[in-house]
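Read through the structure below, which is laid out as structure tokens, and then see the notes.
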Amino acid sequence: MKTRITELLGIEYPVIQGGMAWVAEYHLAAAVSEAGGLGLIGAASAPPEIVREQIREAKKLTDKPIGVNVMLLNPNAEEVAKIVIEEGVKVVTTGAGNPGKYMEMWKNAGVKVIPVVASVAMAKLMERAGADAVVAEGMESGGHIGEATTMTLVPQVADAVKIPVVAAGGIADGRGMAAAMMLGAEAVQMGTVFVTAKESIVHSNYKQKIIGAKDIDSEVTGRSTGHPVRSIRNKMTREYLRLEKEGASFEELEHLTLGSLRNAVMDGDVVNGTVMAGQIAGLIKEEKSCKEIIENITAQAECLLKI
Ligand code: TUI
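So the sequence shown is numbered by our numbering: it starts at 309 and just counts up by one.
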């Protein structure tokens, strides 16, 4: 399946792995890239030198292109932005903000820039700023989300920009991928399904929480703070939503989730931890290798798109 995205990135399949905090480390990124997609290291809020190490470790496992996701709420984003160039990374995706101030630096270094956007306005702004493509991410996604759904956002972004569009949010099989291509996307970005991949280092409790989830088992917390986050319902989300309803302060809410994603991913605390995952969790029934995930999804999509 050749698209402008496979050409741009020099990859075999139009599949990009989400840059998920704590989850998108070098084993997963390398496995996705080795399987012919684009694997990403999620810099999230990691110390910049850890990101450098992660890039180097990934390169030991694969010669294929790997990217880095720069999370723009990270106070160290600027340092990470420079490390990406120093380490010769060829593709960057960004999340949770406007990467405008790093664009020139990345473009001058020959880095392909693919901002994740949640609105048409941001997609147009990114195109004008020199982005090579955009990821249009719907609110079905796990983690930090916008307001629009994938179904409505992708075709509107595809009409608004000339650069290629990658669809994200609610995609985990060939039907979702084919639908995204019909809406005007030239690749998909998936997160939740890769959390459950065999090569993912995520604690088995977290994987089982996704595999056991039903369609309506996720919640969005943090709407009152301006940072809505989707995760699987548990004791933490119930407590968070109760506090939000009572008008709790930002500090109180922050206290409840401090270190909570790390605790879920690394220690398997899926009761008090934050189990970020998208609405498509209900479709995921078993652990598969990255190669199986990517090959099954693209083969099914290709078949459907030919009908
Ligand atoms: O970034 C994500 N997903 C994330 S980041 C993250 S870490 C975090 N944890 C708790 C609270 C906040 C962040 C977990 N999941 N996806 C990409 C994404 N970007 N979704 C939405 C956006 C976005 C939002 C606003 C992109 C640009 C934007 O622009 C606003 C502006 O004008 O700056």
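By construction, the Cβ of each residue, glycine as well, lies at the ideal position given by its N, Cα and C atoms.
The segment 351 to 360 and the segment 373 to 390 touch, with no fewer than 3 CB-CB distances between them shorter than 8 Å. Not one heavy atom of the ligand TUI sits closer than 6 Å to the Cβ of V469. Between N542 and the set V583, E552 and R570, the nearest pair of CA atoms involves V583.
In the three-state DSSP reduction, M430 falls in the helix class (H, G or I).
At least one heavy atom of the ligand TUI sits closer than 6 Å to the Cβ of H452. G375 is positioned such that its CB atom lies no closer than 7 Å to that of G350. If only uninterrupted beta strand (DSSP E) runs of at least 3 residues are considered, those enclosed by the segment 380 to 447 are 399 to 403, 420 to 425 and 442 to 445. Counting along the chain, T500 sits inside the alpha helix (DSSP H) bounded by residues T500 to V503.
Note: R538 is bridge-paired with G451 and V528 in the DSSP secondary-structure output. Judged by DSSP secondary structure, V474 falls within the beta strand (DSSP E) whose first and last residues are V473 to A476. Of the candidates V578, L346, V419 and V323, V578 places its Cα closest to the Cα of K517. Taking non-hydrogen atoms of the ligand TUI into account, the C-beta of A475 is found less than 6 Å away from none of them.
A straight line joining the alpha-carbon of E494 with that of E394 spans about 29 Å. Runs of the alpha helix (DSSP H) lying entirely within the segment 324 to 389 and spanning at least 4 residues, in chain order: 334 to 342 and 356 to 369.
Contact annotation: T606 and M309 have beta-carbon atoms nearer than 7 Å.
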